[in-house]
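Per our numbering, the very first residue in the sequence shown carries number 331; after that it's consecutive.
C-beta: ideal position from N, C-alpha, C; glycine also.
Since the model is a prediction, treat every value here as computed from it, not as a measurement.
Report on the following structure.
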Amino acid sequence: MGRGAEVAAQPYPYNLPLEHTALVMIDFQRDFMLEGGFGATLGNDVGILKSCLPAAQRLLAAARSAGLFVVHTLEAHKPDLSDLPPSKLHRGNLPPGLRIGDDGSMGRILIAGEHGNGIMDEVAPIEGELAVHKPGKGAFWATGLHEKLRARGISHLLFAGVTTEVCVQTSMREANDRGYECLLVTDATASYFPAFKESAIEMIRAQGGIVGWTADTAAVEAALA
Ligand code: TIU
Numbered sequence: 331m332g333r334g335a336e337v338a339a340q341p342y343p344y345n346l347p348l349e350h351t352a353l354v355m356i357d358f359q360r361d362f363m364l365e366g367g368f369g370a371t372l373g374n375d376v377g378i379l380k381s382c383l384p385a386a387q388r389l390l391a392a393a394r395s396a397g398l399f400v401v402h403t404l405e406a407h408k409p410d411l412s413d414l415p416p417s418k419l420h421r422g423n424l425p426p427g428l429r430i431g432d433d434g435s436m437g438r439i440l441i442a443g444e445h446g447n448g449i450m451d452e453v454a455p456i457e458g459e460l461a462v463h464k465p466g467k468g469a470f471w472a473t474g475l476h477e478k479l480r481a482r483g484i485s486h487l488l489f490a491g492v493t494t495e496v497c498v499q500t501s502m503r504e505a506n507d508r509g510y511e512c513l514l515v516t517d518a519t520a521s522y523f524p525a526f527k528e529s530a531i532e533m534i535r536a537q538g539g540i541v542g543w544t545a546d547t548a549a550v551e552a553a554l555a
C-alpha cells in the first residue's frame with residue numbers, strides 16, 4: 331500500500347492514493363479564455379472563464395508539491411485540418427464568426443502551435459508534465475491518454491479546466507467508463523454559462539457519485555498538505 335489522503339468531498343469522502351493519482355488540467359487555453367479565440371467565435375463572453383484561474387493555480391501548485399503526475403490537455407487540430415470532421419467545422423450559426431483554421435487575432439483558430447491555442451501563462455506546463463492534444467471534446471478520444479496513464483499506474487484523476495459542461499464533463503465521463511475514480515475540483519473549473527456549471531456539478535455527484543466526486547480546491551489542498 332502506498333501513501334494516501336482523504337479529500338472531504340461530495341457525495342462522500344474521496345480516497346486519493348498519491349502515487350496513483352494524476353491532476354488533469356483541461357484546455358486552459360487562450361482559445362477559450364481570451365478575446366479572438368475559438369470560444370469568442372462561438373459567441374461567448376470569454377471573460378467569465380478567468381474566474382477559475384486563481385483556484386486552478388493553487389490546485390496545480392498543491393499537486394506539484396505533493397508529487398502528483400500532471401496532465402494538460404489542449405483542444406487542437408492539425409494545421410492541415412485532417413483531424414477535423416466536417417460536422418465540427420460547420421457547427422454553429424454565427425456569421426460573421428471565424429471558423430476553425432481561419433486566421434484570428436491570436437493566430438489560426440484552434441490550430442496546434444498557434445499562440446491562441448497555447449495554455450494560459452498562469453497554469454502553463456513545466457518539464458515532466460504531459461501535454462496532450464485532443465481533436466474532440468473528450469481527453470480520451472484519439473489521444474492515447476488511457477494507455478499513457480495506465481503505463482504509469484494511474485487509477486485516480488482530479489479534474490480542473492474549461493469548460494465545465496463541455497470538455498471537462500466529457501473527459502470525466504470518458505474516464506469514469508474506463509474505470510478511473512474521478513473528482514471534479516469545483517472552483518478550478520468554469521463555464522460560459524454559470525447555470526450549466528452548477529448543473530454539471532450536480533449531475534456528476536448525484537446518485538451516489540454516478541460519474542464521480544466533487545470538492546473545492548481548499549479540500550484538495552488540505553488532503554495533500
Ligand atoms: N464551447 C465550449 O464550451 N467548450 C469547447 O468548445 N471546448 C472545451 O470545453 N474545451
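| query | result |
| --- | --- |
| Helix, strand or coil for I378? Go by DSSP, reduced to three states. | helix |
| Excluding the five sequence neighbours on either side, which residues of its own chain have a C-beta within less than 7 Å of the C-beta of K467, listed in chain order? | V496, C497, T500 |
| For K464, list the residues DSSP reports as bridge partners. | E405 |
| Using three-state DSSP, classify E511 as helix, strand or coil. | strand |
| Is it buried or exposed, A339, if we count other Cβ atoms within 10 angstroms and call 16 or more buried? | buried |
| Can you say whether Q363 is buried or exposed, counting buried as having 16 or more other CB atoms within 10 angstroms of its CB? | Contrary to the premise, residue 363 reads as Met rather than Gln in this sequence. Buried, by the Cβ-count rule. |
| The ligand TIU and F489: does the residue's C-beta get closer than 7 Å to at least one heavy atom of that ligand? | no |
| Check whether the Cβ of V453 lies closer than 7 Å to any heavy atom of the ligand TIU, and answer yes or no. | no |
| For the ligand TIU, I want to know if D357 counts as a neighbour, meaning its beta carbon is within less than 7 Å of at least one of the ligand's heavy atoms. | yes |
| For the alpha helix (DSSP H) holding I531, just list the boundary residues, first then last. | 524–539 |
| Roughly how many whole angstroms lie between the Cα atoms of G434 and G366? | 6 Å |
| With a threshold of 7 Å (Cβ to nearest heavy atom), would E405 be considered close to the ligand TIU? | yes |
| Starting from A454, trace the alpha helix (DSSP H) both ways and give me its first and last residue. | It is not in any alpha helix (DSSP H) - A454 carries neither H nor E in the DSSP assignment. |
| If contact is defined by three or more beta carbon pairs under 8 Å, each pair taking one atom from either stretch, is the segment 525–543 in contact with the segment 397–404? | no |
| Consult DSSP for F362 and reduce its assignment to one of helix, strand or coil. | helix |
| Taking all protein chains shown into account, do 16 or more other C-beta atoms lie within 10 angstroms of the C-beta of P415, making it buried, or fewer, making it exposed? | exposed |
| Cβ of G377 versus every heavy atom of the ligand TIU: is any distance shorter than 7 Å? | no |
| Cα separation between L487 and V354? | 7 Å |
| Identify, in the order they occur along the chain, each residue of the same chain with its Cβ nearer than 7 Å to the Cβ of A370, setting aside the five sequence neighbours on each side. | V376 |
| How about A553 and V515: are their beta carbons less than 8 Å apart? | no |
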